[in-house]
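Mind the numbering: the sequence shown is residues 2 to 379 in our numbering, read in order.
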Amino acid sequence: MTDYESLSRLPIFDNTLLDWSIALGVAAVALFVLLFVRRTVRTYHSKMQATTEKELLEIPIQVLSRTTLLLLVVVALFIGSQWLVKGPAVQRVLQSAVTIALFWQAGIWMVAAVAIWLDRKRQRSLATDRAAVGSLGIIGFVLNVVIWAMVLLLTLDNLGIDITALIAGLGIGGIAVALAVQNVLGDLFASLSITLDRPFVVGDFLIVGDFMGSVEYIGIKSTRLRSLSGEQIVIANSDLLSSRVRNYGRMNERRVVFGTSITYETDPAHIERIPSLIREIVESQPDTRFDRSHFAKHAAASLDFETVYYVLSADFNKYMDIQQQINLRLHRELLAMGVEFAYPTQKLYLVDQTPAPAGAVKQRRDSPLDATSSKADE
């Protein structure tokens with residue numbers, strides 16, 4: 002007996018045309034009802050989204066609105082098949098089809114629920130915990146992999162495949178795959194390390210080697226920075242963790258060191274006054290903490306002062322505004338005292354080479370000259 006003959010002898014083909022018509026009619030009515038219910042759910046969800054309030058049933062309704070047409074068709078056909086005479090084999094096939102469709106629909110529902118939860122978590126974290134934002138994408142990826150792996154295994158088990166042997170085979174094959182994609186896996190584990198350890202978060206300003214920029218996105222394989230000049234910098238997570246990273250996003254205050262140079266002709270009384278003057282100027286600025294100001298050294302062409310203070314903010318623009326006000330006031334105060342700022346100068350000593358009478362002493366005259374006058378004398 003051929004396969005075609007054995008198939009034609011199944012009990013389902015013993016049904017009359019009237020039985021098939023009733024079954025198809027019932028299936029059509031069931032499909033219409035299911036479509037109407039799905040449309041009602043989606044309409045209600047649209048109304049809930051139009052309001053700003055977060056309602057208790059909003060997430061379940063949004064998840065149910067992701068119901069696929071394939072599931073509705075399979076369920077409607079299963080309902081219609083109940084009006085037909087079927088054998089055990091056909092009944093098992095129909096039950097397996099409905100079960101597999103439910104498994105995959107459940108996977109879609111769970112993925113949708115995870116996406117909705119992560120989106121709400123991301124919106125809350127942007128204002129309160131920026132560190133969580135970078136880890137949400139990695140968490141979502143891991144959860145999606147777990148969900149679809151479970152759906153696939155349940156589907157194979159329902160089809161009669163021994164998943165125990167399959168899992169064992171995947172474990173052996175996984176070693177070979179891991180060796181082939183070890184760079185990708187290295188970046189994946191590096192992203193998990195970033196998620197757990199949180200050396201930086203979205204929004205932090207980093208300097209990594211010769212590159213600098215604010216963290217824009219932390220992904221599975223790479224982290225993306227937005228540089229000051231506007232371009233995007235993509236760095237592999239494994240390279241990022243193996244580098245020395247300077248994180249300015251964790252800066253609470255900024256230490257500032259600046260110098261002031263004056264000429265050697267300055268009166269000693271003014272030299273003694275300058276450190277206290279600088280302290281007074283720094284302390285008059287808001288959001289600063291003065292540390293010290295000293296006459297540091299006698300340089301080649303100037304008397305150098307060194308000042309240290311702290312800006313009680315990590316904002317670079319605010320630091321520059323404060324430093325500008327300090328420089329402007331210091332410039333005015335020193336000019337009012339008659340103190341000149343030093344600039345690179347060179348003093349040349351000229352010796353008269355004219356032969357002197359016997360017994361006379363040669364006189365040396367010295368005067369500060371710039372490079373142009375010294376060449377003219379030569």
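For every residue, glycine included, the Cβ atom is placed at its ideal position computed from N, Cα and C.
Under 8 Å between the Cβ atoms of residue i and residue j?
i       : j       : result
Ser-223 : Gly-214 : no
Ala-300 : Leu-242 : no
Ser-239 : Ser-303 : no
Leu-85  : Ala-24  : yes
Leu-19  : Leu-73  : no
Ile-62  : Tyr-45  : yes
Ile-234 : Arg-225 : yes
Phe-306 : Ile-282 : no
Thr-69  : Ile-117 : no
Val-312 : Glu-254 : yes
Asn-248 : Leu-207 : yes
Leu-154 : Val-115 : no
Met-252 : Ala-315 : yes
Phe-296 : Ile-279 : no
Ile-195 : Ile-219 : yes
Secondary structure at residue i, three-state DSSP: helix, strand or coil?
i       : result
Glu-217 : strand
Gly-260 : strand
Leu-197 : helix
Ala-237 : strand
Ser-192 : helix
Arg-225 : strand
Leu-85  : coil
Ile-208 : strand
Asp-367 : In this prediction, Asp-367 has a pLDDT of 48, which is less than 50 and means its spatial position is unreliable; what the coordinates show is noted afterwards. Strand, per DSSP.
Asn-248 : strand
Arg-67  : coil
Asp-378 : Confidence is the limiting factor: at Asp-378 the pLDDT is only 40, short of 50, which leaves the residue's position unreliable and the question unanswerable from this model.
Val-99  : helix
Ser-277 : helix
Glu-232 : coil
Ser-243 : coil
Ala-51  : coil
Val-203 : coil
Thr-165 : helix
Asp-288 : coil
Pro-356 : coil
Checking the sheet assignment: what are the DSSP bridge partners for residue i?
i       : result
His-299 : Leu-304
Arg-293 : Val-309
Val-283 : Val-283 is not bridged to any residue.
Leu-342 : First, the amino acid is wrong: residue 342 is Phe here, not Leu. Answer is Ile-263, bridged to Phe-342.
Arg-255 : Val-312
Can you tell me which of the options puts its alpha carbon nearest to the alpha carbon of residue i?
i       : options                            : result
Ala-138 : Tyr-310, Leu-119, Leu-331, Ala-237 : Looking at the sequence itself, residue 138 is Gly, so the reference to Ala does not match. Ranking Tyr-310, Leu-119, Leu-331, Ala-237 by Cα distance to Gly-138 puts Leu-119 first.
Lys-348 : Tyr-265, Phe-212, Tyr-311, Leu-313 : Tyr-265
Arg-290 : Pro-276, Leu-278, Val-309, Leu-73  : Val-309
Phe-317 : Val-257, Asp-211, Arg-274          : Val-257
Gly-141 : Ile-164, Ala-113, Leu-153          : Ala-113
Val-75  : Gly-187, Met-49, Trp-105           : Trp-105
Glu-217 : Val-202, Val-209, Ser-230, Ile-208 : Val-202
Met-111 : Lys-122, Leu-331, Val-146, Gly-204 : Val-146
Phe-212 : Asp-268, Gly-231, Gln-50           : Gly-231
Leu-335 : Val-143, Ala-270, Arg-40           : Ala-270
Thr-17  : Gln-50, Thr-41, Lys-87             : Lys-87
Inter-stretch contact at 8 Å, needing at least 3 Cβ pairs: the segment 154-163 / the segment 90-108: Judged by Cβ distances under 8 Å, the segment 154-163 makes contact with the segment 90-108, as three or more pairs qualify.
How about the segment 279-286 and the segment 317-331: do they share at least three Cβ pairs that are nearer than 8 Å? Yes: the two stretches touch, three or more of their Cβ pairs being nearer than 8 Å.
Segment contact flag, the segment 25-36 with the segment 72-86, C-beta cutoff 8 Å, min 3 pairs: The count of Cβ pairs closer than 8 Å, one atom from the segment 25-36 and one from the segment 72-86, reaches three, so the stretches are in contact.
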